[in-house]
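Here is the structure we will look at.
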Amino acid sequence: MNEVLKAIRDRRTVRKFSSNPVDEEKLQMILEAGRWAPSFSNLQPWRFIVVRDLGLKIALDKAARESVLHLGINEAPVVILVCVDRRIDPLHAIEAGAAATQNMTLAAHSLGLGAGWIGIWGTETEISIQKLLKLPETVRVVSLLPIGIPDESPEGRRKPLEQSTQFR
Ligand SMILES: Cc1cc2nc3c(=O)[nH]c(=O)nc-3n(C[C@H](O)[C@H](O)[C@H](O)COP(=O)(O)O)c2cc1C
Numbered sequence: 529m530n531e532v533l534k535a536i537r538d539r540r541t542v543r544k545f546s547s548n549p550v551d552e553e554k555l556q557m558i559l560e561a562g563r564w565a566p567s568f569s570n571l572q573p574w575r576f577i578v579v580r581d582l583g584l585k586i587a588l589d590k591a592a593r594e595s596v597l598h599l600g601i602n603e604a605p606v607v608i609l610v611c612v613d614r615r616i617d618p619l620h621a622i623e624a625g626a627a628a629t630q631n632m633t634l635a636a637h638s639l640g641l642g643a644g645w646i647g648i649w650g651t652e653t654e655i656s657i658q659k660l661l662k663l664p665e666t667v668r669v670v671s672l673l674p675i676g677i678p679d680e681s682p683e684g685r686r687k688p689l690e691q692s693t694q695f696r
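For the sequence shown, counting from 1, position 47 maps to 575 in our numbering; every step adds exactly one.
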């Protein structure tokens with residue numbers, strides 16, 4: 529298995545983090561991985577918001593509890609909000625946000641970090657976060673990504689490939 533396939537196979541959603549900080553260089557590499565995601569018509573609608581402020585992380589955690597399962601938002605040293613500008617193409621912008629999120633989770637894993645994908649768009653939490661951060665109406669919040677050094681090693685579980693695949 530090559531490195532890319534191994535990272536895809538071994539990456540897990542991490543919800544518990546040590547309090548150690550995330551290296552600035554690694555954070556930059558994770559943001560770069562997001563930037564290099566594919567997007568419809570190469571529109572690159574991303575607006576990444578990096579949150580380190582504890583007060584803001586606590587407020588995000590409170591907002592997220594309204595509609596999604598709890599992840600370690602308070603505990604993670606860094607939280608990236610993956611937002612997109614929806615003006616040109618709203619649906620494809622969401623897809624681009626998801627592609628960037630996946631790139632970032634894989635990049636974090638490849639750098640010895642863990643990340644947890646919290647889906648935000650279309651939930652009550654999205655509205656709360658838009659208000660909290662005073663985002664313009666044109667910006668959608670696709671996902672919230674707590675990142676840090678993992679303090680857990682979750683098992684991966686998947687259905688057999690035959691259940692999801694047809695060959696015609
Ligand atoms: C779009 C999306 C939204 C998700 N939202 C949440 C969430 O709100 N809370 C959570 O604990 N995990 C969330 N997850 C993580 C999934 O629960 C996780 O990917 C799945 O259980 C498989 O585990 P693994 O990523 O460790 O392989 C989300 C994942 C995706 C792709």
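Ideal Cβ placement from N, Cα and C applies to all residues, glycine included.
According to the Cβ coordinates, are residue i and residue j closer than 8 Å?
{"i": "L672", "j": "L555", "result": "no"}
{"i": "A624", "j": "S547", "result": "no"}
{"i": "V610", "j": "V670", "result": "yes"}
{"i": "R539", "j": "T633", "result": "yes"}
{"i": "G647", "j": "G676", "result": "no"}
{"i": "V612", "j": "W645", "result": "no"}
Cβ-heavy atom distance between residue i and ligand 1 below 7 Å?
{"i": "I536", "result": "no"}
{"i": "G640", "result": "no"}
{"i": "L609", "result": "no"}
{"i": "G647", "result": "yes"}
{"i": "L673", "result": "no"}
{"i": "R540", "result": "yes"}
{"i": "R543", "result": "yes"}
{"i": "L555", "result": "no"}
So, is residue i buried or exposed, given that buried needs 16 or more other C-beta atoms within 10 angstroms?
{"i": "I657", "result": "buried"}
{"i": "R543", "result": "buried"}
{"i": "V532", "result": "exposed"}
{"i": "K585", "result": "buried"}
{"i": "L599", "result": "buried"}
{"i": "N570", "result": "exposed"}
Is DSSP giving residue i helix, strand or coil here?
{"i": "L571", "result": "coil"}
{"i": "I577", "result": "strand"}
{"i": "I746", "result": "Summary: the structure shown does not reach residue 746, with the chain confined to residues 529 through 696, and so no result is reported for it."}
{"i": "L639", "result": "coil"}
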